[in-house]
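> Residue numbers (full-length UniProt numbering): 1 to 102.
A single structure is presented below for examination.
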Amino acid sequence: MATRCNHLDGIQDVTPSARGCEECLQSGDVWLHLRLCRTCGHVGCCDDSPNRHATKHFHRTRHPVIEGYDPPEGWGWCYVDEVMFDLRDRMTPQLGPIPRYY
């Protein structure tokens, strides 16, 4: 596991793609927490959710960095370097209230 993230320079200010996990909203499934792709703005569910859509998005796109999005947690994670880091100064504003499905 790396001690530094080599992808911090690629973090983008993004607009969230949905007010919940995109795929779960389409299928009617539930999620626990949300993760936001800091490359494209995709909103997916966390790995504790049944469908793990944020990780599936990484495997499909290779976009390396996510943000803990709901609740806003102020951290980022790089899938490639397996490093967590502080994003409190660059947190993405939510589009509005996020529906709860757990």
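Positions of the beta carbon are idealized from the N, C-alpha and C atoms, including for glycine.
Within 10 angstroms of its Cβ, does GLY20 collect 16 or more other Cβ (buried), or is it exposed?
Locating residue 20 in the sequence shown gives position 20, counting from the first residue. Per the 10 Å Cβ criterion, buried.
> Who are the Cβ neighbours of ALA18 in its own chain at under 7 Å, not counting the five residues just before and after it?
Position 18 of the sequence shown holds residue 18. Once the five neighbours on either side are set aside, the close Cβ partners of ALA18 are LEU25, VAL43.
> What runs of the alpha helix (DSSP H), each 4 residues or longer, lie entirely inside the UniProt domain "UBP-type" (3 to 102)?
For the UniProt domain "UBP-type" (3 to 102), whole alpha helix (DSSP H) runs of length 4 or above, ordered along the chain, are 22 to 27, 53 to 61.
> CA-CA distance, ARG100 and THR3?
The count along the sequence shown starts at 1 and reaches residue 100 at position 100. The count along the sequence shown starts at 1 and reaches residue 3 at position 3. Using only the alpha carbons, I get a separation of about 34 Å.
> Rounded C-beta distance between PRO64 and HIS7? I'm assuming under 8 Å.
Start at 1 with the first residue of the sequence shown, and residue 64 comes out as number 64. Start at 1 with the first residue of the sequence shown, and residue 7 comes out as number 7. Indeed they touch by this definition, with Cβ atoms about 4 Å apart.
> For the putative contact between TYR69 and ARG35, defined by C-beta atoms under 8 Å, what is the C-beta separation to the nearest angstrom?
For the purposes of this step, residue 69 is taken as the residue at position 69 of the sequence shown. For the purposes of this step, residue 35 is taken as the residue at position 35 of the sequence shown. TYR69 to ARG35, Cβ: 6 Å. Contact.
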